[in-house]
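Chains as they are written, first to last, in the working numbering: chain A, 1 to 439; chain B, 1001 to 1439.
No residue lacks a Cβ here, since even glycine has one placed at the ideal position from N, Cα and C.
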């Protein structure tokens, strides 16, 4: 390849090896194989909790493989592992990153695909003797799922300076065990001496390939989602208080039916969310006393409001607070109380990274119609990296939008398309850095 | 008093001793006293489960007191206890009946008032040397609440030939104990040798004084409900099946939200019940998987439909089945299934008994405005007696419509008014029997 920054044509000639990508992915999925759901050997889920023995095996593979590809590997104090391939000049690496840990009943693609696409990128660079302007790398972030140690994205959070290291190290495993993140990092040999910090281990940019975990790309028959950010969300607990009463002896006029009101509130929350193109969802509802012939005097339910913009979430919240109060006020014996449990502001990814992903997606798929802009509905390590370096994400379709489930599935073709977009994005961003340095 | 059937004026001169009635009631409530809710010593609930030691003490008091008042006492094979005071001629007794057992966290009036009003009636008769045309009696039915042995009204059900004695005897106490109804009847000495049967122990008529357990009399400032029957009801379990999905990544168009549909169904069931002057209530709702950020794929809820006429319940059911199917059909991934758990037809009490209660209520209160016809929303032993003898019930107000709760409360004045209506109803019915015999 040419020694000066790669042209679009140069970039376009670099091809991901789909067969190798999938063989590598399914090879590491022999560590922590989960529930079988179909006839083929690879049709299983994954059970690879963070810092388990199986996670150690996958990590060891990652370290060994990237070293063999000429990378320097750094493990930080959260076990985050940075494999960096030198470039023409020094500087922080442009990275592909994701995670190798899974949910207890997870699948083979969430996180894992992002790491393997990064490793495949390194292999393509080696095969083709690609010399990047700056270093490029692949990062495996620890415990993204928050399934074993109960904070999601905890280690990218520490790296970004948003979560104190002590809090992260002291996290105890769920399910009553006594292991902590620190004790498990030590046990499997991944407690690095370099502080987990964007100051100690700076990154120039972060690109993350991930399955969509939703149905939009599949439904619209598109191949790539250019992720412009992560939507804002707020979680609330709503308490509806009425009065227990006998279903047979209490006329409607004398009731204070907490469940009937809750049903109206849930329906209304949906209607208001639709009106503002937001999302509103209730996943938990409990009531008391819970007897066929007793009108519930108390109902508690969760409310999850999401939208691309913080202001939309605020508008929906304000409108619902009014609507709920108004519906409750129709009966003086009924009352509604709100508690805000979580406030997660909207994240806007960096325009340079978004542009690199969009150009790469159109180049790889050959058609802007197969690409759409998206906002991520779920959190990812890229949320934390975006606070410290330019970041964007790349979504590929997953069957029926299913994830966190053994049947999570993305076709080999779509995995390869996503990996190629990731590789091109890293190269385009690397070129941009060089152009800006020489401008 | 006159030796021939009593005139209305004779009947009107017989007065319940309110002080004695309440003292007796609160005396027996020292056996099984429950949670204290107010300053006065009598402001407590009751915890007197059927066939417990406390229930035995109350039963012993009942047997001893009624024997001292000149009654023959018969205990049947379900522990039902019939105290019968001889009349001018032989024949089955005209009875007042109710129950001495309570809910685990019950009150002092549900059931207990009905028994004590019957005993007070016997005392008034003794004080005033009343000779009835036929025998009159008081019945204590066993385990009406179904709280300890889990069939409500089980012993009047056996008496009526509607529940097999073996099934009743073999009922095990709830909560994991090994005691059965039969073993507990034996243990406390109330397993009588006479079969529990309307054929072995016939009753001429059954009147039951009971607290309303609802708010209507209190709200309308009336003193007596003339109970014409018991409303029909049906209990259903409704299963709504959709699909679990991530609340953040699943647009509304791709969802199959079982809870949102359930909320609409519950609201609709209320609206359809209102339209038909029926009652519709949901007391139980469970969902899965139950996580803030997962749309529930399955919801199960109870539905309780009641109305005075069977045909109304059937109409509401049919209309709701159509409505539910129609609401579900808006999303092909959602489905609704019905299961009928209980069908309890409407009960119509006997016109002679209803007429006796109404005349007595207007006589005691002095105003038809203080009296209203009612349909009982809850089941009572009178449901079973009505299958084998003319029956009616008398309701008195209870504070806030609350029952099955320590704070259940009816004022002494209202207890005495109810007891006097009960006494007059028995006397009027007794006179009617004599008039018809001589006609």
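{"Check": "Residue interval of the beta strand (DSSP E) (run including residue 1075 (chain B))", "Outcome": "1072-1075"}
{"Check": "Beta-carbon spacing of residue 5 (chain A), residue 133 (chain A) below 8 Å", "Outcome": "yes"}
{"Check": "Beta-carbon contacts of residue 1092 (chain B) that lie in its chain and below 6 Å, excluding the five residues immediately before and after", "Outcome": "1202, 1203 and 1204"}
{"Check": "Interface flag, residue 1274 (chain B) vs chain A, CB-CB below 8 Å", "Outcome": "yes"}
{"Check": "Residue from A:383, A:318 and A:402 whose Cα sits closest to the Cα of residue 1244 (chain B)", "Outcome": "A:402"}
{"Check": "Cβ contact (3+ pairs, closer than 8 Å) linking the stretch 1055-1066 of chain B and the stretch 1168-1178 of chain B", "Outcome": "no"}
{"Check": "Test: residue 31 (chain A) CB closer than 8 Å to a CB of chain B", "Outcome": "no"}
{"Check": "Residue(s) in a DSSP beta bridge with residue 236 (chain A)", "Outcome": "A:303 and A:340"}
{"Check": "Residue-level contact to chain A via CB, residue 1307 (chain B), 8 Å cutoff", "Outcome": "no"}
{"Check": "In chain order, each beta strand (DSSP E) run of at least 3 residues that lies wholly inside the stretch 215-277 of chain A", "Outcome": "224-230 and 232-241"}
{"Check": "Rounded C-alpha distance that separates residue 319 (chain A) from residue 236 (chain A)", "Outcome": "14 Å"}
{"Check": "Classification of residue 1027 (chain B) by the beta-carbon crowding that lies within 10 angstroms, buried from 16 upward", "Outcome": "exposed"}
{"Check": "Residue 29 (chain A), DSSP secondary structure in three states", "Outcome": "coil"}
{"Check": "Residue 1039 (chain B) to residue 1287 (chain B) span [Cα, whole Å]", "Outcome": "42 Å"}
{"Check": "Neighbour flag for residue 1139 (chain B) against chain A, beta carbons, 8 Å", "Outcome": "no"}
{"Check": "Contacts that residue 235 (chain A) makes with chain B (C-beta to C-beta distance below 7 Å)", "Outcome": "1292"}
{"Check": "Contacts that residue 451 (chain A) makes with chain B (C-beta to C-beta distance below 7 Å)", "Outcome": "Because chain A here runs from 1 to 439, residue 451 (chain A) falls outside it and cannot be looked at."}
{"Check": "Cutoff 8 Å; reference residue 56 (chain A); Cβ partners in own chain excluding five residues on either side", "Outcome": "188, 189 and 190"}
{"Check": "Cβ-based contacts, 9 Å cut-off: residues of the stretch 1383-1410 of chain B near chain A", "Outcome": "1400, 1401, 1402, 1403, 1404 and 1405"}
{"Check": "Beta carbon proximity, residue 1219 (chain B) to chain A, threshold 8 Å", "Outcome": "yes"}
{"Check": "Euclidean distance between Cα positions of residue 127 (chain A) and residue 283 (chain A)", "Outcome": "49 Å"}
{"Check": "Proximity test, Cβ basis, 8 Å: residue 252 (chain A) and chain B", "Outcome": "yes"}
{"Check": "Chain-ordered chain B contacts of residue 231 (chain A) [CB-CB under 9 Å]", "Outcome": "1248"}
{"Check": "Residue 1223 (chain B) burial status per 10 Å Cβ neighbour count (16 or more: buried)", "Outcome": "buried"}
{"Check": "Close-in-space but distant-in-sequence residues of the same chain around residue 32 (chain A) (CB under 6 Å, 5 per side omitted)", "Outcome": "46, 47, 48 and 54"}
{"Check": "Contact list for residue 215 (chain A) against chain B, beta-carbon separation under 7 Å", "Outcome": "1250 and 1254"}
{"Check": "Same chain only: Cβ atoms within 8 Å of residue 1261 (chain B), ignoring 5 sequence neighbours per side", "Outcome": "1240, 1242, 1299, 1327, 1328, 1331, 1334 and 1336"}
{"Check": "Where residue 170 (chain A) falls: helix, strand or coil (DSSP)", "Outcome": "coil"}
{"Check": "Residue span of the alpha helix (DSSP H) that contains residue 371 (chain A), given as start and end", "Outcome": "Counting along the chain, residue 371 (chain A) falls outside any alpha helix (DSSP H), though it belongs to the beta strand (DSSP E) covering 371-376."}
{"Check": "Cβ neighbour criterion (16 or more within 10 Å) applied to residue 220 (chain A)", "Outcome": "exposed"}
{"Check": "Short CB-CB distance (under 8 Å) between residue 1264 (chain B) and chain A", "Outcome": "yes"}
{"Check": "8 Å Cβ shell around residue 1368 (chain B) - same chain, five flanking residues per side excluded", "Outcome": "1362"}
{"Check": "Close Cβ partners of residue 1148 (chain B) (< 6 Å) along its chain, the five nearest in sequence each way excluded", "Outcome": "1049, 1050 and 1173"}
{"Check": "Helix, strand or coil at residue 432 (chain A) according to DSSP, with G and I counted as helix", "Outcome": "helix"}
{"Check": "Residue 98 (chain A) - partner residues in DSSP beta bridges", "Outcome": "A:140"}
{"Check": "Span of the beta strand (DSSP E) around residue 392 (chain A)", "Outcome": "391-396"}
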